[in-house]
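Right, one structure below, let's go through it.
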Amino acid sequence: MTLLEAKNISIGFPSRHGMFVAVKDVSFNVQPGEILGVVGESGAGKSTVGNAIIALLEPPGEIIAGEVWFKGKRIDNLPEEEKRSMRGRHIGMIFQDPQTSLDPLKTIKQQLVETIDVHLRLGRKGSEKRAIELLEKVGIPDPELRINHYPHQFSGGMRQRVVIALALCGEPELIIADEPTTALDVSVQKQILDLMRKLCIETNVGMILVTHDMGVIAEVTDRVAVMYNSKLMEIGPTSQILSNPQHEYTKSLISAIPRPDKRIDRFPLVSYIEQIIEPEQAFNIKEHWLGQAQEYTMPVADDGTILQVKDLCMRFQISNSLFKSKRRYLDAVKGANFTIKEGETFGIVGESGSGKSTIARMVTGLYTPYSGSVNFLGKEISAINHTPEVLAYRRQMQMVFQDPFSSLNSRMRVMSIVAEPIMFHKLAQSREEAEQIVLDLLKLVGMSDDAYAKYPHQFSGGQRQRISIARALATRPRFLICDEPTSALDVSVQAQILNLLKDLQQELNLSMLFISHDLPVIRQMCDRVAVMQFGAILEQADTEQLFQNPQHQYTQHLLSLMPKLDMLPGRGLS
Amino acid sequence: MADSYSKKSNSKLKQFFAGDLWYDFHHSPVALLSFSISVLCLLLALTAQLIAPFDIFDLAAIDLMDADLPPPWAGEEGDSRFFLGTDDQGRDIWSGILYGAQISIFVGFTSVIISAIIGIALGLLAGYKGGRIDSFIMRVADIQLSFPAILIALLIDGVMRGLLPREMHDELAVYVLIFAISISGWVQYARTIRGSVMVEKNKEYVQAGQVIGLPSHIIALRHILPNVLNPIFVIGTIHLASAIITEATLSYLGVGMSPTTPSLGTLIRIGNEYLLSGEWWITLFPGAALVILVLSVNIFGDWLRDALNPKLR
C-alpha cells in the first residue's frame, strides 16, 4: 500500500505583492521502507514540500492546490488539531541542525520520555525503557548512562542520532529528513546515512530525504525527485536518474559535480541555470592595469617560493582566570610547516575544527600567531600592522571569504566596495581611473554591465562571490587565499566560480592557498595538498600522488568516505 | 555613471516607499494615529509664536485683572479670549501650553541627539576595541545605570547651579537641563551599539577590510557604523518621550525651567498649588498636553521597534 501520495500539490505564500508560488504542481509517492530523495538547489522549493506534508509551513504559507494522501486518508484538509496529532505519531521530522533541534535545558531522558508518553501512553517506566531501547537502536553507546546527559554533552554526530531517536519516539510510519547531514563532517555523515538506511529497512518506515547533495542521494536513496525552480523536473529510481538522466536540468546538474576520481581541466559549463555571462576577454590583460601588477620590487626567491610558513602555532584562551595555572587554552594549530611556490595552488583539506581556517587567518594577519613565522616574498609578516612597509606586502595578498552573504558590506554599492582598496592603496591616479578599473574588474569576473550601481542584496550568492573576487583582485595581489570559497554555493554555481578562479590564476599568474573540506573540489583545484586533523598537518603531497597513494591512515579514511558517484555517466572507475 | 550617482537620494527614497516599513506604516491605524498626533503636537509647538493668541513673555500684554479665570465654557466668570482659562498671573493657559511645549520639545530633541552622539561614540569604541577600554566604559555605564536617571539629572543640575553665578541661572537653565538629561541618557545607546558592533565586527566584510589593510578607524566608521544604526531610531523615539518626561519632572520639582519661561512641567507645578482651591484648569490642561504628546511619541516608538524587529514580523 502506498504510504504517502502527493497529488499535484502547489504551495503558495500570499504576500502584498500577490501570491508567491513556491511549489508548482508536484506529484510523488512514498512506499513503506523506501527512501525518496528530493534534490535541488537553493530556492528550488524542496524544503517547502517536506514542511507542507507535515503541515509545518511557515505562515502564511498554504497548500493552494492538490491533495496529500496518507495511508489512504486525505490529510491536507484536516483541522489543525488533527494535523497536530499526526505529527510525531504518524509523520516524524528530522531537522538540519542538531545544535538547535534539541532543548538545551532538558536532559535527553526528559525530552525522549515526554515525547514517548504523549504519543504511546506507556507511562513513566515504560517510556523510559522504550527511550533506552531507542538510543540503543540509533547506536548510542551506554544508553542507560547517556540518557541522563544534556544535549551539549554529545558531539554533533551523536546529537543527530538523538534527534533521530526523538523522531522515532511516536513510531511514525513516515519520516521527513530535511538536510539531516549538511551540518556534519563527512565521516559522521556516512554513519548517519547508514543508520537511516538501516532503520528504514528494519522498521519498514518510509522516508523523504531532502538534500542539495548528490553524494547523499547516491548513497542512500531508492528513488529520487529532482526539483528546479519550484517544479518537479523528473522522478525515478536513483541509479537510473544518476546514470541516465532524461531532463536537461538533471544532466547539467550532474555534470557540475566535481569529479573525485580524476582531474579535469575545467568544469563542464552548466547551462540551464541562472543567467551566466562567461567572462569574455574584453581587453588585453597584459597591457591593462591588472597585468602591470608585477612591479618586481619584491622579487620571488630563486627557488620560486612565494610563501613560507614555519612552525606556525595558534593558541586560543578558552577560559580566563587570574591564576595562570587555571587558564585553559585550545591549541588550534600545532606547528604547521609548508611552502607555496609562485603560480601554484596549495590546498589544505580537513574536517571542521581541524584548524585550516585558522592557518589562513594567520597568513593574512587577521590573527597574530602564538609562535612561528610567516614569510611572504622574503619578508617576515606576522600581525596586521599598518606601517607603510608591511602594508605594501599585505597588499600583495588578498582573501576570498566563505560566506558571500556577510563578506560584502550591505550598505555600500558594488562600485564603492570594489573601488575602496584601489583608492586606499592609491593604485589609481584619480577617482575616474579607479572607477574604470572597477568596471573592467567586474567584467573580468563575469558580472553584467549595470552591476556597479547596485547593492549586494540585489545579487545571488554566486554573483556576490564574484564581486568578492573582484574586490580581492582590486589590490593587484600576487597571492590569493580562498577559504572555502564555494561551500556556501550550489553545485552549479560552484562549478562557475571554480572555473573563474582557475582562469584568473592563469591570466594573472596568481599563487593560491585553497582551503576546503571537499576532497573532489581540492582534487580539481590544487597542485599540492596538505591534510589536517586536530590542528596538525598529517601529510602533504602532490595532489595526484595523495589521491592515488595516500600515506597517512586518516587520509585513507577520508578518501574512503568520498561519495561514490561511480554510476554517473562516463564515470566508471578508470 | 555620473547620473546614476546623482540619482542616489532619489532611489533611496523610492526604496523606502516600496519597502516593508512604509507598507506596514500606512496599513497600521495605531502607527498612523500616533504619528499624526506627534507631528501635530510638534507643529503646534514650533509655530507657537504665530498661532498663540497671546505672547506670554510680553509683560505688557499681561493684566493681573485677568488672573485665575476659568475656561469660558466651564464657569460664568470666564472670558471668551482665554478658552482654556488663565493662570495666577493672568497668562492665557492655551498660549502657555504652546510655548511650554516648544521648550519641552526643544529640550527633548536636543538631549536625545546629544545622548545619541555620546552613546554611539562610546558604544562603537567599546565594541570595536574591546579589552580594557570596553570594560572601563561599560563599568561606568553600569554604575550610572544603578542610579535612576532622574537622580543623575538632579545631581548634575544641582552641581551646575552651584558652579554658575546666581544671576545666570534662569538664562542658562535650559542648557543645564539639556546637559543633565543628555548625560543621564547615553547608556542605553552605548549598550545597544556595543552589542551590535560586537556582532558585526566578526562578519567577513570587516575581515575583508582588515585584509585590504584599512586602518581601524575607517573600518569602524565607514563599514561598521552604518550597519548598526537602525536600532538607534527606535531608542531615539522612545527616549524622546522619556526625555520630555524627565524635563517635565525636573521642572515640576523646581530645578528646571523658571516660571518666567515656563515649560509644560513648570506650568503643571504652578497649577498644582491652586488645584486644592478649585482652580483645576491651570494644571489639568498642561498635564493633558504632556500626556498626549508623550503617549503618542511612545506608541509610535513601540510600533517602530516591532516593525523593525524581524523576529516579530
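If you read the protein sequences in the order shown, they are chains A and B.
Anchor point for the first sequence: position 54 equals 79 in the working numbering, and the numbering is continuous, going up by one each time.
Anchor point for the second sequence: position 13 equals 40 in the working numbering, and the numbering is continuous, going up by one each time.
Where a beta carbon is used, it is the ideal one built from N, C-alpha and C, also for glycine.
Contacts between B:N254 and chain A, judged by CB atoms closer than 9 Å, involve N434, S435 and R436 in chain order.
Put simply, the backbone Cα of B:E274 is about 22 Å away from that of B:E194.
Within its own chain, the residues whose Cβ lies closer than 6 Å to the Cβ of A:G560, once the five positions on either side in sequence are excluded, are D356, A357, V358, K359 and G380, listed in chain order. In the structure shown, the three-state DSSP call for A:T412 is coil. Taking 4 residues as the shortest admissible run, the region 226-253 of chain B contains the following complete alpha helix (DSSP H) segments, listed from N- to C-terminal end: 231-239. Here A:F179 carries a coil assignment [DSSP, helix/strand/coil]. In this structure, DSSP gives A:Q558 an extended state, which the three-state scheme calls strand.
When beta bridges are read from the DSSP output, A:R353 appears opposite A:S344. Distances from the CA of B:Y202 to each of B:M225, B:L178 and B:S131 were compared; the closest alpha carbon is that of B:S131. Spatial neighbours of A:A192 in its own chain (CB-CB distance under 7 Å, excluding positions within 5 residues in sequence) are listed in chain order as G117, M118, I119 and I200. The C-beta separation of B:I259 from B:G135 comes to about 16 Å, leaving the pair out of contact by the 8 Å criterion. The DSSP-derived three-state label of A:S52 is strand. Counting only runs that start and end inside the region 58-121 of chain A, the alpha helix (DSSP H) elements of at least 4 residues fall at 71-78 and 105-111. Beta-bridge partners of B:I177 (DSSP): none assigned.
For A:P502, the CB contacts under 8 Å within the same chain, skipping 5 residues up- and downstream, are A318, R420, Q421, M422, Q423 and L535 in chain order. A:F430 places its beta carbon 8 Å or farther from that of A:R496.
Its Cα nearest to that of A:E87, the residue A:T73 stands out among A:T73, A:F95, A:K96 and A:G97. If you ignore the 5 residues before and after A:Q56, its C-beta comes within less than 8 Å of the C-beta of T27, L28 and G231, all in its own chain and listed in chain order. Taking all protein chains in view, the Cβ of B:N325 is crowded by 16 or more other Cβ atoms within 10 Å, so the residue is classified as buried. Listed along chain A, no residue sits closer than 9 Å to B:I220 by beta-carbon distance, the nearest being about 15 Å off. Around the beta-carbon of B:G123, 16 or more other beta-carbon atoms lie within 10 Å, marking it buried. At the C-beta level, A:I343 and A:M557 stay beyond 8 Å of one another. Counting only runs of 3 or more residues that sit fully inside the region 430-512 of chain A, the beta strand (DSSP E) segments are 504-508, in chain order.
Of the candidates A:E532, A:D552, A:A281 and A:W94, A:D552 places its Cα closest to the Cα of A:I540.
The beta-carbon of B:A235 is placed less than 8 Å from the nearest beta-carbon of chain A. Looking only at A:L159, A:Q214 and A:G195, the smallest Cα-Cα distance to A:G181 is reached by A:Q214. Assignment of B:P80 by DSSP, reduced to helix, strand and coil, places it in the coil class. Counting C-beta pairs with one atom in each stretch, the region 164-178 of chain B and the region 239-249 of chain B have fewer than three that are closer than 8 Å, which means they do not touch.
The C-beta separation of A:G471 from A:L514 comes to about 14 Å, leaving the pair out of contact by the 8 Å criterion. In the three-state DSSP reduction, A:M44 falls in the strand class (E or B). The continuous alpha helix (DSSP H) containing A:K527 extends over residues V516 to L533. Assigned with DSSP and collapsed to three states, B:Y279 falls in helix. Among the residues of chain A, those whose CB is under 7 Å from the CB of B:H250 are N434, following chain order. Taking the beta carbon of B:E231 as reference, the chain A residues within 8 Å of it are F426, Q427, D428, S431 and S432, listed in sequence order.
Within chain A, the residues F449 have their CB atoms less than 7 Å from the CB of B:L241, given in chain order. In terms of Cβ geometry, B:A94 and B:G117 form a close pair [threshold 8 Å].
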